[in-house]
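Taking it in order: structure first as structure tokens, then the write-up.
Residue numbers (the working numbering), protein chains in the order written: chain P, 458 to 894; chain H, 1236 to 1503.
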């Protein structure tokens, strides 16, 4: 049975930039006869979509592709300009937790307020308040105004209230990115309960792997149109492939074509430290210098096999950016990418690293790992990305050998046998006797 | 643990509206009175001070229009101030209410009208607790007739209707024009001066009176004053006029709100 059906749904919205929001100006332009009707843009274009009961359904697409608009149309927050939306059963909105809280009034009052806005009866919310407080681990805070809570507590409260609803259709829009690890697990368990209760789930997430794993089908929206609709993994694969080609042609080329043998490379690669050439186009973030440093953070071109070291990167943020991802290719003599450290795995996108000014990033490389030999830092990327869609907004990408360094055999490992491998971590062996001959 | 769905069909949209209204009004009042022991009586401070000021400056001059009684002038100014204060506070707060909750409207499906309505009702509750007992007391003292208190309900209800109509109108306009508060402040000032608050109606030149009649607060203030200060019952036509102007304001406000409502979401 289909629970959500969209029949050729289109939505025109007024573009906000063009609108003056100003009575004085509007009146004056009326008088001068220059008044124009505000322009409208097609945000959703003939969307055809059917979602079955119990289905877990993912929505992917770049920022501005219409994902959240589609959700709003399904939740009937927005009415389509043409076409029809039919929804069977009740929908729990779960968009941006904590949006409806009033910071001035107490936690208990907010539970009632939020619950009633989500569609509960007031009396029902009163009886559920203790349970919600317990789940959110905020029993002692019931009389405290919400503004006195930490952001993690607020997120917990929002989740606890929103999931008190057992909806037929659940909408998850980046909810799992809140709270600390243990609370996230608790959330996951609760969401799994919805999962097994055969609720229909609509999932919007930048975590493409999560969609791949948890959804049966997915839709890829592109400029308000359905670009692809089908099995989740196929849609995700196509989306990633396209995304890479569109956003980063250089990188995709590298990925799609095998690395060229660079024997003919004539310019010598600097040892230990090198400067990064400026980007071809303007960028708010610039890599300036890359270097190899020992444990004392002193620049060097030779690292003993058993000593950990740092890859250092100087960069400058020239104008405010919202996020930053730093990535580096560490390649060996054969041109193979041995390591590709990317900051997103370790440091938050926002925060200190994006402040305007000069910065120095150190990437710690453990030892023993790289087998003795010659290595290069052969590409660096500094990109501002959209935290939701991961679309690259501005970047400084340089793909060329920037620095050369060597890992040398350490004294303690004189007897070590190194093979054809790319890396050489110390592996633990166990031989057990499992019976006599 | 069985969790029932809150969206059962037996739970009608009228019930939901009512629940939302109650919760939002209570929140509005709680935020307002948090940590203040005088609560709604704070709202009397402004009209009291203004009354003292007016009495000191105009009292002697205008007392002749009130049977040469300074007390009556004071009461007249005070009742007028209570009305205009309620009007200006309620509608000014309501003006921004839709835009202020724009983020919320983008996340949860809510009836848009709930926001201006809850602001007006919260202010009205404050009016009923803070100012109304005084009006009732004054009426009882001057007329010694409990029936007059019942008649007092007519202008008070009219006042509520006027405020609600203006709240719907301005809160929708504010979605489109964010410089509206500047103009609205001006309008409130014009209404303030053109309402006979600190001056007697009689001093207005007769040729200007038809223009003043356009002021929807005019019949409200006149009838409140006749009931509470002069201890007489206002004419039926004045009472009907005040009720009519209230209903007209609400009608206009609601019609504009209804026809513009579908455009709000693009601008919130």
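Yeah, the Cβ is synthetic: ideal placement off N, Cα and C, and Gly gets one too. Quick caveat: nothing in here was measured; it's all calculated off a predicted structure.
With DSSP as the reference, please indicate the residues paired to residue i in a beta bridge.
i                      : result
residue 679 (chain P)  : P:682
residue 501 (chain P)  : P:468
residue 688 (chain P)  : P:674
residue 1350 (chain H) : Answer by DSSP bridge pairing: none, since residue 1350 (chain H) is not bridged.
residue 746 (chain P)  : P:732, P:771
residue 578 (chain P)  : Bridge partners of residue 578 (chain P): none, in fact.
residue 861 (chain P)  : P:728, P:833
residue 838 (chain P)  : P:784, P:854
residue 814 (chain P)  : P:774
Kindly indicate which three-state DSSP category residue i falls into: helix, strand or coil?
i                      : result
residue 819 (chain P)  : strand
residue 871 (chain P)  : coil
residue 885 (chain P)  : coil
residue 613 (chain P)  : helix
residue 1441 (chain H) : helix
residue 1274 (chain H) : helix
residue 699 (chain P)  : helix
residue 694 (chain P)  : helix
residue 561 (chain P)  : coil
residue 1411 (chain H) : helix
residue 1497 (chain H) : helix
residue 850 (chain P)  : strand
residue 1263 (chain H) : helix
residue 733 (chain P)  : coil
residue 832 (chain P)  : strand
residue 786 (chain P)  : strand
residue 459 (chain P)  : strand
residue 895 (chain P)  : Residue coverage of chain P in this structure runs from 458 to 894, which leaves residue 895 (chain P) outside it and unanswerable.
residue 662 (chain P)  : coil
residue 657 (chain P)  : strand
residue 762 (chain P)  : coil
residue 1416 (chain H) : helix
How about residue i: is its C-beta nearer than 7 Å to some C-beta of chain H?
i                     : result
residue 498 (chain P) : no
residue 888 (chain P) : no
residue 557 (chain P) : yes
residue 533 (chain P) : yes
residue 479 (chain P) : yes
residue 461 (chain P) : no
residue 834 (chain P) : no
residue 801 (chain P) : no
residue 543 (chain P) : no
residue 626 (chain P) : no
residue 504 (chain P) : no
residue 840 (chain P) : no
residue 606 (chain P) : no
residue 881 (chain P) : no
residue 561 (chain P) : yes
residue 570 (chain P) : yes
Return the Cβ separation of residue i and residue j in integer angstroms, given the expectation that the two are a contact with Cβ distance under 8 Å.
i                      : j                      : result
residue 735 (chain P)  : residue 860 (chain P)  : Residue 735 (chain P) to residue 860 (chain P), Cβ: 17 Å. No contact.
residue 548 (chain P)  : residue 624 (chain P)  : 6 Å
residue 688 (chain P)  : residue 513 (chain P)  : Not quite, the Cβ-Cβ distance comes to about 12 Å (not below 8 Å), so this is no contact.
residue 1266 (chain H) : residue 562 (chain P)  : 6 Å
residue 751 (chain P)  : residue 879 (chain P)  : Actually they are not in contact, since the Cβ atoms of residue 751 (chain P) and residue 879 (chain P) sit about 22 Å apart, beyond 8 Å.
residue 1394 (chain H) : residue 1455 (chain H) : 5 Å
residue 1407 (chain H) : residue 1333 (chain H) : 7 Å
residue 772 (chain P)  : residue 744 (chain P)  : 5 Å
residue 1309 (chain H) : residue 1290 (chain H) : 5 Å
residue 864 (chain P)  : residue 829 (chain P)  : 5 Å
Contact criterion: CB-CB distance below 7 Å. Does residue i meet it with respect to chain P?
i                      : result
residue 1422 (chain H) : no
residue 1460 (chain H) : no
residue 1344 (chain H) : yes
residue 1266 (chain H) : yes
residue 1413 (chain H) : yes
residue 1483 (chain H) : no
residue 1262 (chain H) : yes
residue 1258 (chain H) : yes
residue 1330 (chain H) : no
residue 1490 (chain H) : no
(request) For the region 1293-1341 of chain H, list the alpha helix (DSSP H) runs that are entirely contained and at least 4 residues long, ordered along the chain. (result) 1305-1330, 1332-1335, 1337-1340
(message) At 4 residues or longer, what runs of the alpha helix (DSSP H) sit wholly inside the region 506-558 of chain P?
(response) 524-531
(request) Only counting runs of 4 or more residues, tell me where the alpha helix (DSSP H) segments fall wholly within the region 1419-1476 of chain H, in order along the chain. (result) Every alpha helix (DSSP H) of 4 residues or more that sits fully in the region 1419-1476 of chain H is shown, in chain order, as 1444-1447, 1452-1463.
(message) Against chain A, which members of the region 1391-1406 of chain H pass a CB distance test of less than 9 Å?
(response) No chain A is part of this structure, whose protein chains are labelled P and H.
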